[in-house]
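A.B. asks: Numbering (our numbering), first residue to last: 1199 to 1669. Using N, Cα and C, we set each Cβ at its ideal position, and we do this for glycine too. I am attaching a structure below and will ask some questions about it afterwards.
So, in structure tokens, the structure goes:
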């Protein structure tokens, strides 16, 4: 018995030494929204949707601009690209160009795509809110389970103390002959059983805390504890909110149905965009460019050249002819680029006649997208209505269960007090006393379970009504 008492004292000392900062439910929620992987992944979806909106805006308001540089080499014979003269030497050429294209009209296709992507961005933001709400609900469930495990551990420890006190009384009654030796053995067996119950409760508590750490993405080996609720007082609502009013409030307060409705609207714009691809398109395009040819030359001057052309008839006098011969030099790269600079602008009209049925298939797919979005809205509405009905029903059942367990505990407490008094006077044996004590233990556990079940169900109903999850 001394060994057991020492173990209890050491356990209390260890608990005091291992005390650490405790996390409130609000702190857990805030940390989870910043670090939970599912929430972080939903934020990436917003980035994708934002990029889609930006891309659609750029398609409407900005042109396509491309710069082209081509360097060519010809060996042996080549043709001057400017004069088209045949040249018997190796050359190289450079072509520079900038192409600009801007679509003026395309059947409002791009404008419809922009509206659709803008709606989908808002829907994706609501999806993130839905993911955050889901994380809050999971966290709330784990948090209350951990509080229940804490209370169950406290009850088990209190039962352990009661059994130790019972053992002291039993030993005294055995000494005076009012109880048999077998009663002592029964209490010792109960002490061992209580120790098992405490260890089991400790493991249950640790597992419940680990579930919270998993949602928070904390190190599983990190010391962690949570705060008790500021108030665990149970106040029963006289009348539950009407299920129709609750459903209407939930649609307005929660993002579940709103996101599906936005995607439904986006699907309509996608159909308009697909139909717009059947209309003619008008675009304007331009080109700026120049050329360089390594064999290109320029005239830099003239020189007088005199050459014999014959003889004077009847004599040997030579006849000379003089003419101005041009002098050429290589034309520099910069000069050629400047001299050969050219530009043009065009207006293009494109009328789609047949495109392998791609446009018609795109229209059919857009219609299917509308039907799919309609089903999604109805599915979200039905799911939300079912969740609300379940939450309301569960809250009503939890309230009844709590009231029943409260009465059961009151009766078990009175019965245990009488049994304890009788046992101390040796009127009842150890078995009868243990029966009353176990009934009290069962009632305490039952009330604790129903209390936290009611708190959770009430928080869920309030969440559907206001969009806020608090205890």
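Is the distance from the Cβ of residue 1550 to the Cβ of residue 1469 below 8 Å?
C.D. replies: Locating residue 1550 in the chain shown gives position 352, counting from the first residue. Locating residue 1469 in the chain shown gives position 271, counting from the first residue. No; because the gap between Cβ atoms is not below 8 Å, this pair is not in contact.
A.B. asks: Within this structure, are the beta carbons of residue 1290 and residue 1513 separated by less than 8 Å?
C.D. replies: By 1-based counting over the chain shown, the position of residue 1290 is 92. By 1-based counting over the chain shown, the position of residue 1513 is 315. In this structure, residue 1513 does not lie closer than 8 Å to residue 1290 by Cβ.
A.B. asks: Return the Cβ separation of residue 1347 and residue 1403 in integer angstroms, given the expectation that the two are a contact with Cβ distance under 8 Å.
C.D. replies: Taking the first residue of the chain shown as position 1, residue 1347 is located at position 149. Taking the first residue of the chain shown as position 1, residue 1403 is located at position 205. Between residue 1403 and residue 1347 the Cβ distance is about 4 Å, and since that is below 8 Å, they are a contact.
A.B. asks: Under 8 Å, with one C-beta from each stretch per pair, do the segment 1623–1638 and the segment 1578–1596 reach the 3-pair mark?
C.D. replies: No, the segment 1623–1638 is not in contact with the segment 1578–1596.
A.B. asks: In this structure, what does DSSP give as the bridge partners for residue 1453?
C.D. replies: Numbered from its first residue, the chain shown carries residue 1453 at position 255. For residue 1453, which the question treats as bridged, DSSP gives no partner whatsoever.
A.B. asks: Between 1244, 1308, 1330, which has its C-alpha nearest residue 1233's C-alpha?
C.D. replies: Translated into positions along the chain shown, residue 1233 becomes position 35. Comparing Cα-Cα distances from residue 1233 to each of 1244, 1308, 1330, the minimum goes to 1330.
A.B. asks: Assuming residue 1263 and residue 1298 form a contact by the criterion Cβ under 8 Å, report the distance between their Cβ atoms to the nearest whole angstrom.
C.D. replies: Along the chain shown, read from residue 1 onward, the residue named residue 1263 stands at position 65. Along the chain shown, read from residue 1 onward, the residue named residue 1298 stands at position 100. The Cβ separation is near 5 Å, so the contact holds.
A.B. asks: For residue 1422, does the three-state DSSP call read helix, strand or coil?
C.D. replies: Residue mapping note: residue 1422 aligns to position 224 of the chain shown, counting from 1. DSSP places residue 1422 in coil when its eight states are reduced to three.
A.B. asks: Do you know how far the Cα of residue 1230 is from the Cα of residue 1360?
C.D. replies: Sequence index remark: in the chain shown, residue 1360 carries index 162 (1-based). Sequence index remark: in the chain shown, residue 1230 carries index 32 (1-based). Taking the straight line from one Cα to the other gives about 40 Å.
A.B. asks: Note down, one range per segment and in chain order, each alpha helix (DSSP H) of at least 4 residues found wholly within the segment 1216–1259.
C.D. replies: For the segment 1216–1259, whole alpha helix (DSSP H) runs of length 4 or above, ordered along the chain, are 1223–1233, 1235–1259.
A.B. asks: Does DSSP put residue 1214 in a helix, in a strand, or in coil?
C.D. replies: Counting from one through the chain shown, the residue named residue 1214 turns up at place 16. With a pLDDT of 43 at residue 1214, under the threshold of 50, the modelled position of that residue is not reliable, and no figure is offered here.
A.B. asks: Check residue 1293 in the structure and name its three-state DSSP category.
C.D. replies: Here the question's residue 1293 lines up with position 95 in the chain shown. Looking at residue 1293 - three-state DSSP - the assignment turns out to be strand.
A.B. asks: So is residue 1506 buried or exposed if we call it buried at 16+ other beta carbons inside 10 Å?
C.D. replies: One-based indexing of the chain shown puts residue 1506 at position 308. Residue 1506 is exposed by the Cβ-count criterion.
A.B. asks: Could you pull the start and end residues of the alpha helix (DSSP H) that residue 1392 belongs to?
C.D. replies: Counting from one through the chain shown, the residue named residue 1392 turns up at place 194. Residue 1392 -> alpha helix (DSSP H) spans 1379–1414.
A.B. asks: Per DSSP, residue 1277 forms a beta bridge with which residues?
C.D. replies: Residue mapping note: residue 1277 aligns to position 79 of the chain shown, counting from 1. In DSSP, residue 1277 forms a bridge with 1284.
A.B. asks: Report yes if the C-beta distance between residue 1377 and residue 1627 is below 8 Å; otherwise report no.
C.D. replies: Counted from its first residue, the chain shown places residue 1377 at position 179. Counted from its first residue, the chain shown places residue 1627 at position 429. The answer is yes: Cβ separation under 8 Å.
A.B. asks: Taking 8 Å as the cut-off, decide whether the C-beta atoms of residue 1657 and residue 1664 are in contact.
C.D. replies: Working through the chain shown from its first residue, we reach residue 1657 at position 459. Working through the chain shown from its first residue, we reach residue 1664 at position 466. Result no, Cβ atoms of residue 1657 and residue 1664 do not sit closer than 8 Å.
A.B. asks: Of all the options 1310, 1241, 1589, which has the alpha carbon lying nearest to the alpha carbon of residue 1661?
C.D. replies: Here residue 1661 refers to the residue found at position 463 when the chain shown is read from its first residue. Of the listed residues, the one whose Cα sits closest to residue 1661 is 1589.
A.B. asks: Around the C-beta of residue 1443, are 16 or more other C-beta atoms found within 10 angstroms, so that it is buried, or is it exposed?
C.D. replies: By 1-based counting over the chain shown, the position of residue 1443 is 245. Classification of residue 1443: exposed, given that the 10 Å Cβ count is below 16.
A.B. asks: Is the Cβ-Cβ distance between residue 1481 and residue 1260 less than 8 Å?
C.D. replies: The residue given as residue 1481 occupies position 283 in the chain shown. The residue given as residue 1260 occupies position 62 in the chain shown. No, Cβ-Cβ distance for residue 1481 and residue 1260 is not below 8 Å.
A.B. asks: Just the Cα atoms here: how many angstroms apart are residue 1321 and residue 1461?
C.D. replies: Working through the chain shown from its first residue, we reach residue 1321 at position 123. Working through the chain shown from its first residue, we reach residue 1461 at position 263. Their Cα atoms are separated by approximately 7 Å.
A.B. asks: For residue 1410 and residue 1345, which I take to be in contact (beta-carbon distance under 8 Å), what is that distance rounded to the nearest angstrom?
C.D. replies: In the chain shown, the residue the question calls residue 1410 occupies position 212. In the chain shown, the residue the question calls residue 1345 occupies position 147. The Cβ separation is near 11 Å, so there is no contact.
A.B. asks: Give me the residue from 1270, 1613, 1243, 1383 with the minimum Cα distance to residue 1698.
C.D. replies: What is shown of the chain runs 1199 to 1669, which leaves residue 1698 out entirely.
A.B. asks: How big is the Cα-Cα spacing for residue 1395 and residue 1357?
C.D. replies: Here residue 1395 refers to the residue found at position 197 of the chain shown. Here residue 1357 refers to the residue found at position 159 of the chain shown. Taking the straight line joining both Cα atoms gives about 9 Å.
A.B. asks: So who's on the other strand from residue 1499, going by DSSP bridges?
C.D. replies: Along the chain shown, read from residue 1 onward, the residue named residue 1499 stands at position 301. Residue 1499 pairs with 1525.
A.B. asks: Where do the ends of the alpha helix (DSSP H) carrying residue 1663 lie?
C.D. replies: Taking the chain shown and counting its residues from 1, the one referred to as residue 1663 is at position 465. Run containing residue 1663: 1628–1664, per the alpha helix (DSSP H) assignment.
A.B. asks: Quick check on DSSP: helix, strand or coil for residue 1487?
C.D. replies: Here residue 1487 refers to the residue found at position 289 of the chain shown. Correct three-state label for residue 1487: strand.
A.B. asks: Quick one: measure Cβ to Cβ for residue 1542 and residue 1488, integer angstroms, because I've assumed they're closer than 8 Å.
C.D. replies: If you number the chain shown from 1, residue 1542 lands on position 344. If you number the chain shown from 1, residue 1488 lands on position 290. Not really, about 13 Å apart at Cβ, beyond 8 Å.
A.B. asks: Just the C-alpha distance for residue 1325 and residue 1237, rounded to the nearest angstrom, thanks.
C.D. replies: As a first step, residue 1325 must be located in the chain shown, where it is residue number 127. As a first step, residue 1237 must be located in the chain shown, where it is residue number 39. Approximately 10 Å between the Cα atoms of the pair.
A.B. asks: Quick check on residue 1669: does DSSP put it in helix, strand or coil?
C.D. replies: Counting from one through the chain shown, the residue named residue 1669 turns up at place 471. Three-state result, residue 1669: coil.
A.B. asks: When you compare each of 1494, 1597, 1646, 1418 to residue 1530 by their alpha carbons, which one comes out closest?
C.D. replies: Locating residue 1530 in the chain shown gives position 332, counting from the first residue. Among 1494, 1597, 1646, 1418, the Cα nearest to that of residue 1530 belongs to 1494.
A.B. asks: Using only the alpha-carbon positions, how far apart do residue 1213 and residue 1420 sit?
C.D. replies: Taking the chain shown and counting its residues from 1, one reaches residue 1213 at position 15. Taking the chain shown and counting its residues from 1, one reaches residue 1420 at position 222. For residue 1213, the predicted structure reports a pLDDT of 48, less than 50, and the residue's modelled location is therefore unreliable. The matter cannot be settled from this model.
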